[in-house]
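Protein sequence lines, in the order shown, are assigned to chains A and B. The numbering of the first sequence is this note's numbering, which starts it at 69 and goes up by one. The numbering of the second sequence is this note's numbering, which starts it at 527 and goes up by one. Glycine included, C-beta positions come from ideal geometry on N, C-alpha and C. First up is the structure itself, then whatever we jot down about it.
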Amino acid sequence: MIRMAIFGFGTVGKGVAEVLLKKERLLKNLIGDFKVVAIADSKSSLYGDFDLREAIEYKIKHGRLPRDERARDLFDIESFDLLIEATPTNVFDGEPGLGYIREALKRGINVVTSNKGPLVVAFKELNDLAEKKGVHLGYEATVGGAMPVIKLVKKDLAGNQIIKILGILNGTCNYILSRMESEKIGYDQIILEAQQLGIAEADPSYDVEGIDAAAKLVIIANSLLGLDAKFEDVRITGIKNITPEAFDVALKKGYTIRLIAEADEDGKLEVAPRLVKLTNPLAVYGTLNALLIKADLAKELFVIGRGAGKYETASAIISDIIDIYAR
Amino acid sequence: MIVTLVVELEDKPGQLLRVIEPISQLGGNIISIVHDRNKITPLNRVPVEFTLDIAPKRLEELIERLKQNGIYIRSYNEIRLSASTSLLLIGHIIHTDLSDTINRIDSTGFAEVVEISINMPNLNKPSTAIITISAKSERHLKEAIKILKDICKDKKILVIEPLNDDLI
Numbered sequence: 069m070i071r072m073a074i075f076g077f078g079t080v081g082k083g084v085a086e087v088l089l090k091k092e093r094l095l096k097n098l099i100g101d102f103k104v105v106a107i108a109d110s111k112s113s114l115y116g117d118f119d120l121r122e123a124i125e126y127k128i129k130h131g132r133l134p135r136d137e138r139a140r141d142l143f144d145i146e147s148f149d150l151l152i153e154a155t156p157t158n159v160f161d162g163e164p165g166l167g168y169i170r171e172a173l174k175r176g177i178n179v180v181t182s183n184k185g186p187l188v189v190a191f192k193e194l195n196d197l198a199e200k201k202g203v204h205l206g207y208e209a210t211v212g213g214a215m216p217v218i219k220l221v222k223k224d225l226a227g228n229q230i231i232k233i234l235g236i237l238n239g240t241c242n243y244i245l246s247r248m249e250s251e252k253i254g255y256d257q258i259i260l261e262a263q264q265l266g267i268a269e270a271d272p273s274y275d276v277e278g279i280d281a282a283a284k285l286v287i288i289a290n291s292l293l294g295l296d297a298k299f300e301d302v303r304i305t306g307i308k309n310i311t312p313e314a315f316d317v318a319l320k321k322g323y324t325i326r327l328i329a330e331a332d333e334d335g336k337l338e339v340a341p342r343l344v345k346l347t348n349p350l351a352v353y354g355t356l357n358a359l360l361i362k363a364d365l366a367k368e369l370f371v372i373g374r375g376a377g378k379y380e381t382a383s384a385i386i387s388d389i390i391d392i393y394a395r
Numbered sequence: 527m528i529v530t531l532v533v534e535l536e537d538k539p540g541q542l543l544r545v546i547e548p549i550s551q552l553g554g555n556i557i558s559i560v561h562d563r564n565k566i567t568p569l570n571r572v573p574v575e576f577t578l579d580i581a582p583k584r585l586e587e588l589i590e591r592l593k594q595n596g597i598y599i600r601s602y603n604e605i606r607l608s609a610s611t612s613l614l615l616i617g618h619i620i621h622t623d624l625s626d627t628i629n630r631i632d633s634t635g636f637a638e639v640v641e642i643s644i645n646m647p648n649l650n651k652p653s654t655a656i657i658t659i660s661a662k663s664e665r666h667l668k669e670a671i672k673i674l675k676d677i678c679k680d681k682k683i684l685v686i687e688p689l690n691d692d693l694i
């Protein structure tokens, strides 16, 4: 039996728990028997023999879990084989996720994470550690949400050399820009609208300044282009200065504007607004993400999908779990 | 050097050969031939546009030979600028001396601003321009873009570059 722990019980953590319940039969067919034996959020926890559905309900009702032990304590209190790490992202120090992932890998525990921070800060260290300990580190959910990227390249494009990867990695920015394109309304108004729709955070700077896209680009560059890239290596320009008029002018030459993250084998790392031909498949609308992968054998390959959301992110986490344990 | 040559040929067999032969004898390499029967002239001649790579010294001789062969030459000129791209600028483009920005590209000698289209929504608000730069080669074009970006960095103008993968 696979004993699982979920660290971080916000939108993503709860979403994964719901999917584990909803798809229990399918999953047991694919990976065998499993059970969630520990859950932790930022201030509380639950472990031992408990009902996962009740745990979700408790968290929704009380905003916390019943026990006072913290995530870090659970490594000694409970034994588990898989850590599902879904704590909030901090791309500058990677914490608290970095500490949890490091501890899990050291103890020979498989890790699946949706948290960009630890991978941006310590990609090589964590992957080396996982290899040394003979355990898996799955991070499909850190890049592009439900849109397949990491396993697509590593498995389905196996044998290819990746020349360049570029595209849209932030749904919030894409929403703002594509809305500006079609409605010709200003940045401030769209931000308000996006916040009301839950597409943009109360403090949208992480998205609109290009930080989120840059973090994902660092993970892509390290895992798929074999670079040793750091967050500071990315040249970042955000979208705050884009005006509705800019779309009118760009259209004269058949262009629209999108926030594009680009990494290539020569080490180019850039997040910036770019002119994109309206006929280019990357000119997607709404909160979609889209990537162009250029490989030596497969040549150009496009993926388009949902880059965020509760079940979209859970989709990527579940696929990593199945990838590790599929019988 | 790359040259475009437009001739008018009579609409009968063997005419194309009378142009191609001297080009080949003079060591020219034909890059393309555009033969547009829809644009037939009142004198019933068909305009044909050649793009060829030929040594500068040989071009005069080629023109001379074609004339001797009785070919009507409409025009010929060197394609000086073969690489081109458009970039979008957002910011105080006029207030930061637009002509200075353009001059600094034009004065390189290898690149020129060939087209510019500006939108000014309001006084004191940022304006937008799409600017097309042509250069002698891809390498020169990259150099010109770099110069433009440096100028715009100083002038606090946002430069939006196109993707290089729009060929798809």
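If you count every other CB in all the chains shown that lies within 10 Å of the CB of residue i, and 16 or more means buried, which is it?
i	result
residue 326(A)	buried
residue 280(A)	buried
residue 92(A)	exposed
residue 567(B)	exposed
residue 660(B)	buried
residue 561(B)	exposed
residue 621(B)	exposed
residue 270(A)	exposed
residue 145(A)	exposed
residue 693(B)	Interpretation of residue 693(B) is limited by its pLDDT of 45, a score under 50 that renders its predicted location unreliable; no figure is taken from the coordinates.
residue 275(A)	buried
residue 224(A)	exposed
Report yes if the C-beta of residue i is less than 8 Å from at least one heavy atom of the ligand ZN; otherwise report no.
i	result
residue 591(B)	Questions concerning the ligand ZN fall outside what the structure shown contains, since it holds no ligand whatsoever.
Would you list the residues sitting across from residue i in a DSSP beta bridge?
i	result
residue 602(B)	531(B)
residue 103(A)	71(A)
residue 539(B)	The partner list for residue 539(B) (beta bridge, DSSP) is empty, contrary to what the question assumes.
residue 364(A)	DSSP output for residue 364(A) lists no bridge partner at all.
residue 617(B)	653(B)
residue 637(B)	661(B)
residue 555(B)	579(B)
residue 240(A)	DSSP, once it has assigned bridges, lists no residue as partnering residue 240(A).
residue 142(A)	Bridge partners of residue 142(A): none, in fact.
residue 135(A)	113(A)
residue 379(A)	In DSSP, residue 379(A) forms no bridge with anything.
residue 153(A)	75(A) and 181(A)
By the three-class DSSP mapping on this structure, what secondary structure does residue i have?
i	result
residue 75(A)	strand
residue 373(A)	strand
residue 159(A)	coil
residue 649(B)	coil
residue 302(A)	coil
residue 357(A)	strand
residue 204(A)	coil
residue 332(A)	strand
residue 270(A)	coil
residue 290(A)	helix
residue 676(B)	helix
residue 341(A)	strand
residue 666(B)	helix
residue 176(A)	coil
residue 611(B)	strand
residue 560(B)	strand
residue 182(A)	coil
residue 232(A)	strand
residue 110(A)	coil
residue 391(A)	helix
residue 315(A)	helix
residue 211(A)	coil
residue 545(B)	helix
residue 283(A)	helix
residue 626(B)	helix
residue 169(A)	helix
residue 250(A)	helix
Would you mind giving the Cβ-Cβ distance between residue i and residue j, rounded to the nearest angstrom? I have them listed as a contact below 8 Å.
i	j	result
residue 389(A)	residue 205(A)	About 12 Å separates the two Cβ atoms, so there is no contact after all.
residue 244(A)	residue 328(A)	The Cβ separation is near 14 Å, so there is no contact.
residue 287(A)	residue 159(A)	Contact doesn't hold; Cβ gap of about 10 Å is too wide.
residue 239(A)	residue 375(A)	4 Å
residue 685(B)	residue 675(B)	5 Å
residue 597(B)	residue 527(B)	About 21 Å separates the two Cβ atoms, so there is no contact after all.
residue 114(A)	residue 140(A)	Going by Cβ atoms, the distance from residue 114(A) to residue 140(A) rounds to 15 Å, so no, they are not a contact pair.
Going along the region 611-629 of chain B in order, which residues come within less than 8 Å of chain A, judged by CB to CB distance? 612, 613, 614, 616 and 617
Could you name the residues of the region 288-315 of chain A whose beta carbon sits closer than 8 Å to any beta carbon of chain B, in the order they occur along the chain? 305, 309, 310, 311, 313 and 314
Counting only Cβ-Cβ distances shorter than 7 Å, please list the residues of the region 317-333 of chain A near chain B, keeping chain order. 317, 318, 320, 321, 323, 325 and 328
May I ask you to list, following chain order, the residues of the region 638-654 of chain B that have a beta carbon less than 7 Å from some beta carbon of chain A? 643, 645, 647, 652 and 654
Mind listing which residues of the region 236-247 of chain A have their C-beta closer than 7 Å to chain B's C-betas, in chain order? none
Mind checking the region 329-360 of chain A against chain B and listing, in chain order, the residues whose C-beta falls within less than 9 Å of any C-beta there? 330, 340, 341, 342, 343, 344, 345, 347, 348, 349, 350 and 360
Residues of the region 670-685 of chain B with a CB closer than 7 Å to any CB of chain A: list them in chain order, please. 684
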